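Note that the protein sequences, when read in sequence, are chains A and B. Using my numbering, the first residue of the first sequence is number 7, and each one after it goes up by one. Using my numbering, the first residue of the second sequence is number 4, and each one after it goes up by one. Structure, as structure tokens:
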Amino acid sequence: MSKRKKLDKNVLFRILKYITDNFKMELIVIIIAIIVSSVCHVSSQLFLQKLIDDYITPLIGVVNPSFQRLGQAVFFMALICLVGVIATFLYTRVVVIISQGVLKIIRDDMFSHMETLPVKFFDDNSHGDIMSYYINDTDTLREMISQSIPNVVNSAVILVAVFISMLTLNVPLTLVIVVGVLVMLKVAKVVGGQASKYFVLRQKSVATVNGFIEEMIDGQKVIKVFTYEDEAKKSFDKLNEELFENTKKANTFANIMMPIMGNIGYLLYVVIAILGSIIAIKTNTLTIGAIASFLLLTRNFTMQVNQVSQQYNSVALAMAGARRIFNLIDQKSEENKGHIVLSYVRKNDDGLLVESNTYTGLWAWKDLDNNTLTELKGDVRFIDVDFSYVKGKQVLKDINLYAKPGQKIAFVGATGAGKTTITNLINRFYDIESGTILYDGIDIKRINKNDLRKSLGIVLQDTNLFTGTIMDNLRYGRENATDDECIEAARLANADKFIRKLPNGYNTIIKGNGSNLSQGQRQLLAIARCAVSNPPVMILDEATSSIDTRTEKIVQDGMDKLMEGRTVFVIAHRLSTVRNAKAIMVLENGEIIERGDHEKLIEEKGKYYQLYTGAFELE
Amino acid sequence: MIKRILKSVREYKKATFLTPFYVSLEVILEVLIPVLMADIIDKGIEKSDFKVIFIIGGILVLLAILSLIFGALSGKYAALASSGFAKNLRKDMYYKVQDYSFSNIERFSSSSLVTRLTTDVNNVQMAYQMITRIAVRAPMMLLFSLLMVLTINAKLALIFLIVAFVLGFLLIWIATIAHPLFEGVFTTYDELNNGVQENVRGIRVVKAYVQEEHEIDKFNKISDKIYRDFLKAEKLVALNNPIMRLCIYTSILLVSWFGAHYVVSGTLTSGELTSVVTYAAQILNSLMMLSMIYVMCIISLPSIKRIVEVLDEKPDLKNPKKAIYEVKDGSIVFDNVSFSYVNDQEKLSLKDVNIKIKSGEVIGIIGGIGSSKSTLVNLIPRLYDVLTGSVKVGGVDVRDYDIASLRDSVAVVLQKNVLFSGTIMDNLRWGKKDATLEEVKKVCDIACCNEFIDKFPLGYDTYIDQGGTNVSGGQKQRLCIARALLKNPKILILDDSTSAVDTKTDALIRKAFKEYIPDVTKIIIAQRISSVEDCDRVIVLDNGEIDAFDTPKKLLKNNKIYQEVYNSQVRGSDSSE
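Structure (structure tokens):
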């Protein structure tokens with residue numbers, strides 16, 4: 007067995023395990039119902055033979071025939087049929103319950119697991135790729151669970167039932183059928199194989215064409231400006247033609263599958279009819295009714311084989327989808343072994359720290375091992391820190407720095423110099439390779455990750471808002487903040503003014519990552535959001551990059567108030583933003599090459615001076 | 004609406020008609036086969052006549068082979084017709100989009116255009132294939148099967164008619180109720196996807212604020228809603244199968260009961276009874292297919308509507324009938340120009356703008372966010388049309404030029420600029436298709452590109468990723484300038500195109516402009532005061548109105564806005580606080 011096949015088997019087992027773990031009763035109901043319904047179905051097919059042989063033929067030529075026995079038989083059959091219908095009703099309904107239930111569980115599992123994954127996962131995988139787990143892959147799975155599996159089970163049961171019935175009618179004819187079905191399966195494999203080969207090519211073409219359309223339409227304005235329309239049409243035609251060819255071939259093979267399979271079924275039917283007649287006439291072991299029934303069974307048998315082969319593609323697709331889903335679920339979660347947590351404290355009359363149950367604006371680190379409290383002040387130190395995203399490609403080298411409580415530390419340097427990386431290490435989005443980071447004297451590796459992050463406020467360059475009201479978004483960092491606290495924070499960040507101008511003020515719903523707001527307004531909201539959570543340490547990563555210089559001057563007051571008394575790490579492209587920092591670190595290739603305050607660095611006439619006077623490109 | 008999109012079938016008309024033709028032949032054969040089967044039993048087996056058995060059997064084999072051929076042909080033509088139709092639809096839409104003006108594009112938004120060209124066309128393609136095959140097959144099957152039963156026994160046919168009618172009614176009823184439920188589910192699905200996307204994009208925020216649990220809660224709520232709604236809709240659809248069975252069983256039982264009477268009374272043979280039962284399955288199966296088509300049609304209707312919207316959109320800008328093909332020089336005049344994005348006098352983005360620019364002048368434009376700087380320059384290559392007044396280039400109203408000729412003479416480097424996947428050379432040649440290496444090198448010198456292109460191992464053959472993500476912002480901007488220069492324009496407009504370029508290089512580029520293309524009118528929009536300081540004149544825009552238009556020196560003396568911007572950037576850097 008090849009590795010891939012083995013994997014497929016595991017994937018199938020895992021899907022089945024989801025079903026057996028959560029829907030034991032339902033599964034039993036389904037299996038019984040399918041068997042009952044199939045048996046009823048087959049007996050309804052066999053009924054005709056009985057009808058002709060036992061009830062009709064004896065009556066032929068009888069004067070005043072009595073239809074009472076026939077009536078009883080029909081009535082009895084009606085009961086069986088009724089049971090069949092009820093069983094069918096039952097299993098189709100329960101299948102829906104199971105398939106939707108399993109999908110919901112898988113979906114929820116996927117998401118809650120995704121939330122535990124380290125930031126690295128999101129950095130390494132394209133967002134479109136992650137999205138397609140939820141959009142495409144679960145969809146193929148839905149098709150398989152709700153259609154393919156019940157279809158195959160149903161067909162299998164019917165096939166067995168029909169096969170046994172055929173055997174009881176006539177063994178040699180049944181053997182002929184077996185040979186015929188083997189031929190059908192072989193044909194299905196060949197034609198289906200061709201179809202799926204072209205489906206793969208088609209999928210590729212679809213992706214290329216979609217990509218092309220996306221890129222071109224996104225750049226449509228450039229096309230217009232360069233009057234490049236004709237060229238754009240030419241390139242499009244080429245790709246479009248390719249997609250057409252592959253679609254045509256894939257669909258042709260998929261389309262001819264049915265007639266080929268169906269007509270092989272007919273040929274088999276003819277062969278059986280002729281052979282059956284010969285047997286009937288020569289040996290007298292077959293009645294006319296039996297031939298009629300056998301022919302009906304033949305029809306049914308080939309139809310089921312046809313059905314099963316139709317599922318080939320959808321099962322293959324679903325397996326690929328399921329493999330991807332399980333791959334996501336199998337990703338390793340972020341580790342969180344820290345034993346030091348954050349707790350609310352207040353100072354008692356003696357000035358000592360006492361734990362408090364409610365928000366006091368004052369925090370302490372509590373060591374769960376020995377219950378000691380250390381006041382959270384916001385003292386951050388890097389000692390000999392090295393870091394690399396990919397082994398061997400060092401991004402940060404020998405970083406040593408300290409930020410005393412309440413100090414503002416700035417990082418400047420070109421894109422890729424490692425500014426953002428440093429902040430990623432403080433909140434442990436990534437873990438350092440060697441060295442230590444101390445937070446109020448505690449190694450951050452000993453601090454519970456959630457609590458560490460709660461103590462750090464962060465405002466990023468790309469503002470991410472969430473669907474909901476502005477108020478919901480402001481409250482994101484501290485759910486129990488009052489409306490007044492949120493408004494106060496908005497005022498501080500200078501966001502209050504524009505929020506009030508929105509149609510519903512603070513209750514305006516933000517959609518699509520705040521596409522109805524300007525980039526600058528979104529950044530103001532992010533700053534206000536950070537202010538609401540009131541963290542002792544703040545990281546501002548290009549937080550004001552999208553605000554023009556005139557507006558920034560206005561925001562600056564609010565920012566200054568916000569930063570008061572907090573340790574702040576600032577990364578800024580625009581140097582006017584960092585001028586008043588206590589210390590400015592100039593980074594180049596992962597190393598701090600200059601440090602000091604603005605005046606000192608200007609005097610040194612080094613890299614900072616060049617950056618400041620605009621002699622160097624930052625982006 | 005449907006007629007409109009069918010115009011795109013064109014060369015695939017033949018395939019479109021051949022499909023139902025072959026389908027019909029296939030259906031006729033499939034219907035004939037059970038009759039002959041009955042004959043085998045009646046005329047052959049019962050009379051022990053081998054000759055008849057072999058003759059009919061032979062005919063049957065022949066028919067099955069023919070049916071296979073016809074079936075395969077119909078499948079082939081259906082594939083050809085539907086994928087060809089889809090190809091033409093995509094092509095027509097894409098060509099149409101090429102005729103769109105900026106405002107047309109903005110009306111749709113690019114992501115919606117992409118969906119229309121991909122997903123919607125795909126839906127239509129699937130529906131088209133289904134309809135050309137099954138929409139003919141199912142009713143024909145139904146009709147022929149009924150006809151056959153009718154020739155065998157009219158009274159039995161009546162049973163089918165009644166059962167089929169009831170079944171058809173029930174199936175359509177289920178589809179009609181279920182459809183809006185499904186639509187609801189898909190809307191919720193969008194919500195779910197949106198939630199996931201927000202999380203994927205904003206994972207740093209989620210983790211920084213430790214809101215994983217909150218997000219999972221939110222997700223579970225939506226996921227639960229999908230579960231419940233889907234369950235409701237699918238339970239309804241799940242009724243199809245048992246109802247179908249019920250109808251099949253009912254007709255078999257009724258046929259058995261009445262058929263038995265006819266057989267006994269001699270008006271029906273037992274072989275005929277067998278084939279009647281076969282027809283029962285065929286009749287009801289075709290009804291099932293019809294209801295599937297019905298659903299397919301309902302689903303594809305909104306897609307058709309969205310496609311037609313693209314096809315029927317009228318381009319805002321029309322080429323004049325007697326177009327002028329030559330732009331004489333690079334002079335620009337704005338004569339009392341007002342402009343509105345929504346064609347509304349009350350919502351003007353530009354108000355009463357009067358400007359005269361001489362050919363070869365270097366003009367700077369500054370102003371805050373939303374002061375309509377880009378809007379102003381976009382009127383020059385006629386990317387939009389003015390509401391009132393007129394814009395003249397080379398002394399002629401821009402609306403009198405052939406649009407392509409005008410735009411070839413007016414090169415704009417857009418603010419949101421794009422490089423396309425392909426080599427640097429490919430990208431640059433957008434400006435001039437047959438540009439020689441020499442020409443390319445020259446413009447790259449002017450735009451200061453060679454200093455970094457030379458450092459790439461592959462030089463001009465370096466591959467640019469989609470969106471130009473593998474070059475830095477400043478490099479991208481410089482390449483865009485070089486691309487525009489290759490057009491050899493009379494007017495060059497830089498819309499904030501050097502914001503990521505360092506001031507030294509920025510100055511070098513401007514110096515090169517002066518040296519190499521002194522006759523080209525240059526308009527430079529910039530945030531940075533240093534970028535416009537050495538312009539001949541500078542336009543100060545405020546809220547869509549000209550606040551001042553003068554030399555930088557005079558502006559520094561007299562203009563408040565100019566002074567403010569100047570002070571926030573220049574004075575700050577000299578003073579040490």
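Beta carbons are placed, not taken as given, at the ideal position from N, Cα and C, and that holds for glycine. As the structure is a prediction and not an experimental result, all values here were calculated from the model.
At a beta-carbon threshold of 9 Å, the residues of chain B lying near Val231(A) are Pro384, Leu386, Arg410, Val413, Ala414, Val415, Val416, Leu417, Ala487, ordered along the chain. Linking Leu531(A) to Ile516(A) through their CA atoms gives a straight-line distance of about 11 Å.
Contiguous beta strand (DSSP E) elements confined to the stretch 320-353 of chain B occur at 335-342, taking only those with 3 or more residues. Taking 4 residues as the shortest admissible run, the stretch 421-457 of chain B contains the following complete alpha helix (DSSP H) segments, listed from N- to C-terminal end: 427-431, 440-449, 453-456. Between the alpha carbons of Phe332(A) and Glu237(B) lies a distance of about 26 Å. Taking 4 residues as the minimum length, the alpha helix (DSSP H) runs contained wholly in the stretch 293-338 of chain A are 294-316, 318-335, in order along the chain.
Under the 9 Å criterion on CB atoms, Arg248(B) is classed as interfacial with respect to chain A.
Look at Gln400(A) here: in three-state DSSP terms it is strand.
Spatial neighbours of Val42(A) in its own chain (CB-CB distance under 8 Å, excluding positions within 5 residues in sequence) are listed in chain order as Val89, Gly90, Ala93.
Between the alpha carbons of Thr429(A) and Glu349(B) lies a distance of about 48 Å.
Around the beta carbon of Phe53(A), 16 or more other beta carbons sit within 10 angstroms, so the residue counts as buried. Listed by position along chain A, the residues whose Cβ is nearer than 8 Å to that of Lys224(B) form an empty set, because the closest Cβ is around 11 Å away.
In terms of Cα proximity to Val347(A), the closest of Lys451(A), Ile438(A), Gly271(A), Leu274(A) is Lys451(A). By alpha-carbon distance to Ala41(B), the top candidate from Ala79(A), Gln106(A), Ala279(A) is Ala279(A).
For the C-beta of Arg113(A), the chain B residues within less than 7 Å are, from N- to C-terminus, Ser226. Within the stretch 180-203 of chain A, no residue places its CB atom closer than 8 Å to a CB of chain B. Ranking Val30(B), Arg93(B), Ile526(B), Glu518(B) by CA distance to the CA of Glu364(B) puts Ile526(B) first.
Residues of the stretch 127-147 of chain A with a Cβ closer than 8 Å to any Cβ of chain B, in chain order: Phe128, His133, Ile136, Met137, Tyr140, Ile141. Rounded to whole angstroms, the separation of the alpha carbons of Gly199(A) and Phe423(B) is 37 Å. Closest in C-alpha terms to Trp433(B), from the list Met477(A), Leu593(A), Glu237(A), comes Glu237(A). Approximately 13 Å separates the beta-carbon atoms of Val189(A) and Phe307(A); this is outside 8 Å, ruling out the contact. According to DSSP, Gly564(A) shares a beta bridge with no other residue. Collapsing the DSSP output to three states places Leu271(B) in coil. Ranking Asp355(B), Asn156(B), Arg309(B) by CA distance to the CA of Thr270(B) puts Asn156(B) first. Interface flag for Asn456(A) against chain B is set, since a Cβ pair is found closer than 9 Å. DSSP places Ile527(B) within a strand segment (E or B) once states are collapsed to three. Distance from the CA atom of Met477(A) to the CA atom of Phe575(A), rounded to whole angstroms, is 26 Å. With a cutoff of 9 Å on beta-carbon distance, Leu402(A) and Gly596(A) are scored as near each other.
DSSP places Asn288(B) within a helical segment (H, G or I) once states are collapsed to three. Secondary structure of Ala551(B) (DSSP, three-state): strand. The residue among Gly564(A), Ile599(A), Leu358(A), Tyr614(A) with its C-alpha nearest the C-alpha of Arg585(A) is Tyr614(A). At a cut-off of 9 Å, the C-beta of Lys354(B) has no neighbouring C-beta in chain A. Assigned with DSSP and collapsed to three states, Glu361(A) falls in strand. Residue contact check for Gln128(B) against chain A: a CB pair falls below 9 Å.
Checking the DSSP bridge columns, you'll see Val189(A) has no partner listed. By the Cβ test, the stretch 299-319 of chain B is not in contact with the stretch 461-474 of chain B, since fewer than three Cβ pairs between them sit closer than 8 Å.
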